[in-house]
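Residue 68 in the numbering used here sits at position 65 of the sequence shown, with consecutive numbering throughout.
Beta carbons are placed, not taken as given, at the ideal position from N, Cα and C, and that holds for glycine.
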Amino acid sequence: MLTPREWEVLGLLQEGLTNEQIATRLGISENGVKYHVAEILSKLGVSSRHEAAAWQPEPARRRLAAFAILFAPLKAATSSTAAKVAAGVAITGTATALGLLALGVFSMERREAIPAETGALGKLAYIQDGNLWVKSLPSGTPRQLKSTNNASNPKWSPSGEWLLVELPNAQAAGQTVMRSDGTGRRDASGCTSWSPVKDELVCSSAAELLVQTADGSSTHVLDSSSANRPRWSLDGTRIAYAVDGPLVPNATQAASPPGKDVPGSRSSALWIVNADGTDRCELFKNDGYASAGGQVLVTGWSGGSVLFLLNPQFANSAPLDGLSLRRISLSDGVAVDLGVVMLTAEDFMGEPKAQELLVTDGGNRMTWTHKRISLVDADTGTAVPLTGPESAAFSPVWSPDGSRIAYVSAPDLGSVGGGDPAKAGMAQRRIWVVNADGSGKRQLTNDDAYRDERPLWSADNSQLLFARLDNGEDVPSLWLVPVAGGAPVKVADLSWPRSSAQDPPLWFGFYGYIGWDRYFDWWSGP
4 MLTPREWEVL GLLQEGLTNE QIATRLGISE NGVKYHVAEI LSKLGVSSRH
54 EAAAWQPEPA RRRLAAFAIL FAPLKAATSS TAAKVAAGVA ITGTATALGL
104 LALGVFSMER REAIPAETGA LGKLAYIQDG NLWVKSLPSG TPRQLKSTNN
154 ASNPKWSPSG EWLLVELPNA QAAGQTVMRS DGTGRRDASG CTSWSPVKDE
204 LVCSSAAELL VQTADGSSTH VLDSSSANRP RWSLDGTRIA YAVDGPLVPN
254 ATQAASPPGK DVPGSRSSAL WIVNADGTDR CELFKNDGYA SAGGQVLVTG
304 WSGGSVLFLL NPQFANSAPL DGLSLRRISL SDGVAVDLGV VMLTAEDFMG
354 EPKAQELLVT DGGNRMTWTH KRISLVDADT GTAVPLTGPE SAAFSPVWSP
404 DGSRIAYVSA PDLGSVGGGD PAKAGMAQRR IWVVNADGSG KRQLTNDDAY
454 RDERPLWSAD NSQLLFARLD NGEDVPSLWL VPVAGGAPVK VADLSWPRSS
504 AQDPPLWFGF YGYIGWDRYF DWWSGP
């Protein structure tokens, strides 16, 4: 059964509109339209948008049949006035019952078309005490889906019908896929992310890279190699990933510092492949320990380019203090340094808009200093700062219509090492919004009792969901705030069981960074 939005898309297909025109009419992305069209073709069992446009729904015939049954007794009753009078009560009762039956057909079809537990602002998946919960937003009833005491990193599929969640066991971390009501659970070990347009997962293991459907019914191998950090293109048609070669022992590199032995040589290459497994090719490769070399860490896509960081000498510590952002064009294969040093956290870069990259610029693992939001042209490397040196800002995210940017900001604390000065400074973190051209900067939250982080936009651009940390109790929660202004409203409490007394307090995280994605994910709608 089609969802309400799929019926809308089908109606516009029948009008002959293109994907771009449908996106404009419905106020959604073109990628969203592609996803809905693919779902429509699959559900209707047709092979093209033209066949879909010509399709006639079976429910329409059922409704006509219901009305035929409804009016048949009325037709028979017209044979005589006496018959009408004598059978009036019976006809009325029959008509009422059949009318309710016909309405039941409509009601049943309507209930089937509306996904369960979906509110006006979509659905929230979140963690409390290591257990997985879901609720519709803004004010649905919470439901516990999984009781494990160690669940983390929930991720909604594009349709909102499936969840990928990490469920570690005694041996290793593992992933599980389940429907949004908790049914249909299956092992999905190695699966890392959903396609942006279809309910498909990219998964990697020590032996291969593959794509599989949400229910696991279809799987195809993309590469028989151990792939690192696979990233979908924005339209879901391609995947970029890195392949690291084995360490070659006892090799001496000419580029190594004088008097220092290099333990060996190691290569790292960037590959791309179509999501159906075709046209696999190597874009970029580093060999050895040259200063420009190192491990490839794929970060995403920007139009016809792949974005990546280079980790010199495969170092464990270098990524903690920031790496140089680069891009390589699929058209010419030339790698370009964009002049940005950034940390590897997922939310330190917003999803690219055309060639504009929204990044958190600045090295140093201490997130309370040397961080600013910049718009970077992926073609030229030209950077336009949106925040200044007086503040430490990060976690930028575009509004769905591309007109505004939300982010986190607090006064820059300088190089304090931690402790009470860092805690007090980070307690001033607030949610801000700025227009895409840098104008109209506004502070949305301002409660001294809380520290505010990780903003996310609603599909209609009107609300921001964000995480809060109670400055007194170190307790996390989720809130909604109107972008136009108004008081925030709490929608969920979060909690995470500490594994040992040696764990750092939540407020410190890793030098002030909390990976909020381990706590929650928001499906805001197609």
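In the structure shown, the three-state DSSP call for M369 is coil. For N438, the uninterrupted beta strand (DSSP E) segment begins and ends at 433 to 438. Contact check between the stretch 362 to 375 and the stretch 388 to 397: three or more CB pairs, one atom from each, fall below 8 Å, which counts as touching.
Residue nearest to A230 within the set A209, S198, G219 is A209 (criterion: CA-CA distance). Between A495 and L127, the beta carbon gap of about 6 Å places them in contact (Cβ cut-off 8 Å).
Ranked by Cα distance from S236, the first of D450, V484, G307, F469 is G307. In this structure, G384 lies away from L447, with their beta-carbon atoms at least 8 Å apart. Assigned with DSSP and collapsed to three states, S45 falls in helix. Excluding sequence positions up to five before and after L170, its CB lies within less than 6 Å of the CB of T151, A154, G177, T179, all in the same chain and listed in chain order. Contact annotation: G353 and R375 have beta-carbon atoms that are not nearer than 8 Å.
Cβ atoms of D226 and L204 stay farther apart than 8 Å, at about 15 Å.
Taking 8 Å as the cut-off, the beta carbon of W499 is found closer than this to the beta carbon of I130.
Shown here, Q17 sits in a helix according to DSSP, grouped into three states. In its chain, beyond the 5 residues on either side, S139, L140, G163, S461, A462, W525, W526, S527, G528 have a beta carbon closer than 8 Å to the beta carbon of G125. Considering only G239, A278, S228, the residue with the shortest C-alpha distance to P249 is S228.
When DSSP reads this structure, Q446 sits in a beta bridge with W435.
In the structure shown, P388 falls within a strand segment according to DSSP collapsed to helix, strand and coil.
Put simply, of K426, L468, V40 the residue whose alpha carbon is nearest the alpha carbon of L509 is K426.
Within the same chain, and ignoring the five residues on either side of H373 in sequence, the residues whose Cβ sits closer than 6 Å to its Cβ are G365, N367.
Where R407 is concerned, the enclosing beta strand (DSSP E) starts and stops at 407 to 414. In this structure, DSSP gives K126 an extended state, which the three-state scheme calls strand. Beyond the five residues adjoining it in sequence on each side, T222 comes within less than 8 Å, by CB distance, of L213, V214, Q215, T216 in the same chain, given in chain order. At the C-beta level, L333 and L312 stay beyond 8 Å of one another. A straight-line Cα-Cα distance of about 43 Å links Y453 and A41. If you look at P479, you'll find it in the beta strand (DSSP E) that goes 479 to 485.
When the beta-carbon positions are compared, D455 and F469 come within less than 8 Å of each other. Taking 8 Å as the upper bound for CB-CB distance, G187 and D218 are in contact here, some 6 Å apart. Sequence-distant partners of D382 (beyond 5 residues in either direction) whose C-beta falls short of 8 Å from its own C-beta, in its chain, are Q358. Sequence-distant Cβ neighbours of D477 in its own chain, meaning closer than 8 Å and more than five residues away, are P508, L509, W510. Under the 10 Å beta carbon count, T21 is surrounded by fewer than 16 other beta carbons and is classified as exposed.
Sixteen is the threshold: since fewer than 16 other Cβ atoms of the shown chains lie within 10 Å of the Cβ of V337, the residue is exposed.
By a beta-carbon distance limit of 8 Å, I275 contacts V309. Their separation comes to about 7 Å. The residue from D520, A56, W10 with its alpha-carbon nearest to that of L16 is A56.
Looking at the DSSP output, I331 sits in a beta bridge with V309, A338.
The criterion of a C-beta distance shorter than 8 Å is satisfied by S412 and R433. According to DSSP, residue pairing for F287 in a beta bridge involves L273.
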